[in-house]
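Below: one structure, written as structure tokens.
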DNA sequence: GCAATATACTAGGACATCCAAGGGTTTGGA
DNA sequence: TCCAAACCCTTGGATGTCCTAGTATATTGC
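Rendered as structure tokens:
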């Protein structure tokens, strides 16, 4: 996307904030902006690893979720809740995964409103291979120290709970 | 988007990773997934605050960048580099901001290839108001402790430099 | 038992991001 | 001097996300 900048643009933004008299919120602004940028970098790495499998991160997450379900099947609304994305995003992902023959839709046995998503044999295979690739090429080389990884898990765990993602602690 | 889950879905994913023998990368996987989710939550808060101004985060970032430029104007490629997004994303944002009369395009005085983006008076006003809103409603209530904010800035600063975003230290 | 309310999924629209390609402008080396 | 390579912006296409209905099925309450 380009050559490195001579200066950290987020540090510059922080200085701009301070210079304009917003010192009280300059640090959180910088932290939040850094989260945004880091997410963008990580997502690009992940998508790059998944591309050979014909997967995007959204579709991979759904496959992985199904692969951990006891029966290999989940209702769409359950998937939406667990992945914490809008139901229409799940519909979209399932449409494409179904077209690629990695999952199938089937009616819920007792609730006519509900659609079950189920992994196909190929879906399970692709999921396994994609996970192996992500483990070795992204998660295994995250660039974060072990201590920092635990810090991030702690900080964002608190944040997500406060944001209403889940109840336990 | 829904009621809180009974359990932290990312902590569950981490346990799944460990149960499948990927303990060595389970923690970074959890950290990266938490970054993704946190970004999503923060972006939603930001977009929500910006909506009354008719802005999205992408457009706001461009406005804010311009407001800090000495002359209030920047070449598009410069904006693309500083915001670290694809040039086509800048084209898209400028199209919409120009339609809203918040910025104007003008030819570069000496380089015929380059287009300058410049804030209009209204663009400057909207930028100021939107920044004030974000400062008070998002950055001022980030939910991160002061210490954690500094930790995040440190950790992601290292990460972004290693990812090639910038050169200094 | 039936109407009103709630829940589940999908269709269509608005935005953002990236990539690939195309057309115009500059620059630089033969 | 002049043409090829480099650079800048835009267009068109693929994806993903969310929101706002709209349709179908369940549940609840009177």
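Chains as they are written, first to last, in this note's numbering: chain A, 1 to 169; chain B, 1 to 169.
Just so you know, even glycine gets a beta-carbon here, dropped at the ideal spot from N, CA and C.
If you're wondering where the values come from, they're calculated on a predicted model, not measured in any experiment.
Mind reading off the beta-carbon distance from residue i to residue j? Whole number of angstroms is fine, and I expect it under 8 Å.
i	j	result
residue 193 of chain A	residue 26 of chain A	Nothing in the structure corresponds to residue 193 of chain A, since chain A is present only between 1 and 169.
residue 135 of chain A	residue 22 of chain B	6 Å
residue 81 of chain B	residue 62 of chain B	Actually they do not touch by this definition, with Cβ atoms about 13 Å apart.
residue 38 of chain B	residue 160 of chain A	7 Å
residue 156 of chain A	residue 4 of chain B	At roughly 16 Å, the Cβ-Cβ gap does not stay under 8 Å, so residue 156 of chain A and residue 4 of chain B are not in contact.
residue 119 of chain B	residue 72 of chain B	5 Å
residue 43 of chain A	residue 57 of chain A	6 Å
residue 46 of chain B	residue 163 of chain A	Actually they do not touch by this definition, with Cβ atoms about 13 Å apart.
residue 13 of chain B	residue 152 of chain A	Not really, about 15 Å apart at Cβ, beyond 8 Å.
residue 79 of chain A	residue 65 of chain A	6 Å
residue 28 of chain B	residue 142 of chain A	4 Å
residue 9 of chain B	residue 168 of chain A	Going by Cβ atoms, the distance from residue 9 of chain B to residue 168 of chain A rounds to 11 Å, so no, they are not a contact pair.
residue 35 of chain B	residue 35 of chain A	7 Å
residue 49 of chain A	residue 101 of chain A	With a Cβ gap of about 21 Å, residue 49 of chain A and residue 101 of chain A do not count as contacting.
At which residues does the beta strand (DSSP E) containing residue i begin and terminate?
i	result
residue 73 of chain A	73–75
residue 87 of chain B	No beta strand (DSSP E) holds residue 87 of chain B; the alpha helix (DSSP H) holding it covers 87–99.
residue 105 of chain A	103–107
residue 131 of chain B	That residue, residue 131 of chain B, is in no beta strand (DSSP E); its alpha helix (DSSP H) goes 121–137.
Could you check if residue i is buried or exposed, using at least 16 other CB atoms within 10 Å of its CB as the buried criterion?
i	result
residue 2 of chain A	exposed
residue 129 of chain B	exposed
residue 52 of chain B	exposed
residue 33 of chain A	buried
residue 148 of chain A	buried
residue 121 of chain A	exposed
residue 123 of chain A	buried
residue 59 of chain A	buried
residue 84 of chain B	buried
residue 88 of chain A	exposed
residue 145 of chain B	exposed
Note the first and the last residue of the continuous alpha helix (DSSP H) segment covering residue i.
i	result
residue 57 of chain B	57–68
residue 42 of chain B	23–50
residue 13 of chain B	9–19
residue 157 of chain B	146–162
Is residue i near the ligand MG, going by C-beta to nearest heavy atom under 8 Å?
i	result
residue 136 of chain B	Looking at this structure, you won't find the ligand MG or any other ligand, since it has none at all.
(request) May I ask you to list, following chain order, the residues of the stretch 27–38 of chain B that have a beta carbon less than 7 Å from some beta carbon of chain A? (result) 27, 28, 29, 30, 31, 32, 34, 35, 36, 37, 38
(request) Could you run through the stretch 104–132 of chain B and flag, in chain order, every residue whose CB is less than 7 Å away from some CB of chain A? (result) none
(message) To be precise: take each residue of the stretch 53–84 of chain A, compare its Cβ to all Cβ atoms of chain B, and keep it if any distance is under 7 Å. Which residues remain?
(response) Per Cβ criterion, the list reads 68, 81, 82, 84.
(message) Under 9 Å, CB to CB, which of the residues in the stretch 142–158 of chain B have a partner in chain A?
(response) Within the stretch 142–158 of chain B, contact with chain A at the beta-carbon level (separation under 9 Å) is assigned to 142, 143, 144, 145, 146, 148, 149, 150, 151, 152, 153, 154, 155, 156, 157, 158.
(request) With 7 Å as the limit, tell me which residues of the stretch 3–19 of chain A have their beta carbon closer than that to any beta carbon of chain B; keep them in chain order. (result) Against chain B - using a Cβ distance shorter than 7 Å - the residues of the stretch 3–19 of chain A are 4, 5, 6, 7, 8, 9, 16.
(request) Report the residues of the stretch 83–98 of chain A with a CB closer than 9 Å to any CB of chain B, ordered along the chain. (result) For the stretch 83–98 of chain A, which is checked against every Cβ of chain B, the residues closer than 9 Å are 83, 84, 85, 86.
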